[in-house]
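Data first, discussion second: the structure below is written as structure tokens.
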Amino acid sequence: MDGYVAGSWLDEVIVEPVRTLLAQLAAFLPRLLGALLLFLIGWVIAKVLEQLIVKILKAVPIDKLADQVQLTSVLSRGGIKHRLSELIGMIFYWLVMLTVVTVVFNALDLTQAAQLFQSAVTYVPNIIAALLIVIFGMFVASFLGTTVRTAASNAGILQAHLLGQLVQSVVVIFAAVAALRQLQIPFFQEALLIVLAGFSLGAALAFGLGCKDLAGRWTSDLIEEIRGKKR
């Protein structure tokens with residue numbers, strides 16, 4: 001009787017929990033292997049897509065455009081040593097990998113973790129859009145800055161370089177504000193708007209001073225011309 005009780009107790013306390021654990025592991029193992037396979041396939045796809053995007057962007061060529069608008073130097077000062085094409089390729093790589101990890105967690109019934117990564121996936125397009133806004137904004141800023149600087153210099157405005165630099169800076173700040181709106185970061189938007197107001201005031205003052213010099217020169221030339229005709 002005692003042996004039967006001891007055997008029953010042993011079976012209930014040790015054998016049955018071990019049997020249950022092994023059954024759960026046997027049921028979970030195929031899902032785990034499937035999830036690992038999904039992760040591996042997703043990683044390969046992400047790497048191939050990254051390399052393909054980098055090659056396409058290098059052929060455009062977007063890196064030369066980034067150099068022309070000084071975006072490469074801005075990224076370098078920020079500690080980012082990658083070329084713009086490589087940076088965009090990395091963004092798409094992580095977009096795919098975040099999607100893959102979300103699928104893997106769903107396959108493993110890890111709902112909370114899957115929702116967390118799903119939130120990250122839905123935010124990545126905002127990052128891509130913000131990056132495109134910055135690139136386009138810096139291109140427009142460089143073009144307008146050069147145009148204003150050249151026009152002001154040809155018109156004889158002494159502050160031509162400063163005026164062109166101010167116009168370029170204002171456009172860059174506008175682009176930065178638009179990018180931050182895309183990223184849904186309100187605090188930095190307000191700070192940049194304050195900076196933008198300061199730059200706009202400076203540009204207005206520089207333009208006013210430049211026009212004052214130009215108007216004075218035109219007036220002087222006009223007076224000299226009138227005097228010459230009277231003679």
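For the sequence shown, position 102 (counting from the first letter as 1) is numbered 102 according to our numbering, and the numbering increases by one without interruption.
Using N, Cα and C, we set each Cβ at its ideal position, and we do this for glycine too.
Quantities reported herein were computed from a predicted structural model and do not represent experimental measurements.
query: Coil, strand or helix - Pro30 by DSSP; result: helix
query: At least three beta-carbon pairs within less than 8 Å, the segment 61 to 73 to the segment 108 to 120; result: no
query: Alpha-carbon spacing of Leu183 relative to Val54, whole angstroms; result: 24 Å
query: Pair within 7 Å by beta-carbon distance, Leu49 and Val96; result: yes
query: Cα-Cα separation, Pro30 to Ala46; result: 24 Å
query: Proximity winner among Ser153, Gly137, Thr102 and Gly34, relative to Gln168 (alpha-carbon distances); result: Gly137
query: Same chain, Cβ closer than 8 Å to Val172, neighbours up to 5 away in sequence not counted; result: Gly137, Met138 and Ala141
query: Check whether Ser85 and Lys64 have beta carbons under 7 Å apart; result: no
query: Phe92 to Ile128 span [Cα, whole Å]; result: 9 Å
query: Assigned secondary structure, His161 (DSSP; H/G/I helix, E/B strand, else coil); result: helix
query: Among Gly156, Phe174 and Arg149, the one whose alpha carbon lies nearest that of Leu162; result: Arg149
query: Between the CA atoms of Ile41 and Phe174 - distance to the nearest angstrom; result: 41 Å
query: Where Gly145 falls, given that 16 or more other Cβ within 10 Å makes a residue buried; result: buried
query: Unbroken alpha helix (DSSP H) run spanning Asp109, endpoints; result: It is not in any alpha helix (DSSP H) - Asp109 carries neither H nor E in the DSSP assignment.
query: Exposed unless 16 or more other CB atoms sit within 10 angstroms - verdict on Gly89; result: buried
query: Selection from Leu166, Ala113, Asn106 and Lys81 that minimises the alpha carbon distance to Gly34; result: Asn106
query: Proximal residues to Asn126 (C-beta, below 8 Å), its chain only, five neighbours per side dropped; result: Gln182, Leu183 and Gln184
query: Beta-carbon spacing of Ala130, Ala176 below 7 Å; result: no
query: DSSP-derived helix/strand/coil call for Arg234; result: Because the chain in this structure spans residues 1 to 231, residue 234 falls outside the shown range and cannot be described.
query: 8 Å contact criterion, which Leu134 and Phe39 should meet: CB distance rounded; result: The question names Leu, but residue 134 is Val in the sequence shown. Between Phe39 and Val134 the Cβ distance is about 32 Å, and since that is not below 8 Å, they are no contact.
query: Short Cβ contact (7 Å threshold) for Ala114 with Thr122; result: no
query: Cα-Cα separation, Trp43 to Gln51; result: 12 Å
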